[in-house]
Amino acid sequence: MIVNYKLTYFPLRGLGEATRLILTYSQQQFENETITHEQLAEMKPKLTYGKVPVLEVDGKKLYQSATICRYLGEKHGLAGKDDWEKAKVNEVVDFYKDVYAELTPYQYNIMYSQPGDTKKLREELLKESGSGYFAPSGITFVDFIVADYLLNWKLKEEKFMKDKFPELIAYVDKVHALPQLQDYLSERPADS
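In terms of the UniProt record's numbering, the sequence shown opens at residue 1 and continues consecutively.
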């Protein structure tokens with residue numbers, strides 16, 4: 001059965017990109033509706049939370065980027081192979097959301113060597129799985145979320161990131177080297 005997906009977000013990566021990557025990796029066709037901030041202002045009263053991204057699945061709307069990614073991860077076999085691995089994947093998503101909530105100080109910590117803890121992401125969470133992804137069985141939806149987040153750092157401070165955090169850059173490159181993503185990544189605007 002064919003599912004009709006429609007993602008509504010801005011014409012940039014941001015909180016919508018992990019959804020695009022998951023759908024592309026899973027070889028799902030989807031409508032990628034891009035809107036302006038002015039269009040969002042008009043749509044806002046009709047949106048449950050007044051924000052995007054919004055994923056429509058056969059006309060039903062789903063909000064919140066992590067929820068969208070969890071849903072797609074479950075639906076397309078990217079949530080983990082068993083209950084324990086699924087819990088560990090969701091643990092990383094929750095850690096990521098905590099980091100994202102404190103984005104500015106954490107990002108400054110990474111880029112400008114201010115006090116803080118970067119060891120969890122680099123040494124514990126990623127290396128613990130043994131697969132090069134966050135789950136021992138391989139790629140899951142959280143990898144698309146975290147890799148896109150780290151790509152922002154790479155694009156802003158590439159030399160610094162390569163010098164200080166080569167394992168994170170290698171991780172981003174590994175996710176973005178997946179064959180299923182190549183057509184999409186080659187067509188995506190560089191500044192999106």
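Even glycine gets a Cβ: it sits at the ideal position worked out from N, Cα and C.
The three-state reading of DSSP puts K61 in strand, counting E and B together. Non-local beta-carbon contacts of A147 in its own chain, meaning distances under 7 Å to residues more than five positions away in sequence, involve Y171, V172, V175, H176 in chain order. Rounded to whole angstroms, K60 and V99 show a C-alpha spacing of 30 Å. A residue is called buried when at least 16 other Cβ atoms come within 10 angstroms of its Cβ; S137 does not meet this threshold and is exposed.
In the displayed model, G138 falls within a strand according to three-state DSSP. Within the same chain, D148 come within 6 Å of E17 by CB-CB distance, once the 5 residues on both sides are set aside. Excluding five sequence positions before and after Q180, the CB atoms of its chain that fall closer than 7 Å to its own CB belong to T24, Y25, Q27, given in chain order. Distance between N152 and K97, taken at the CA atoms: about 16 Å. DSSP places Y184 in the uninterrupted alpha helix (DSSP H) bounded by 182 to 187.
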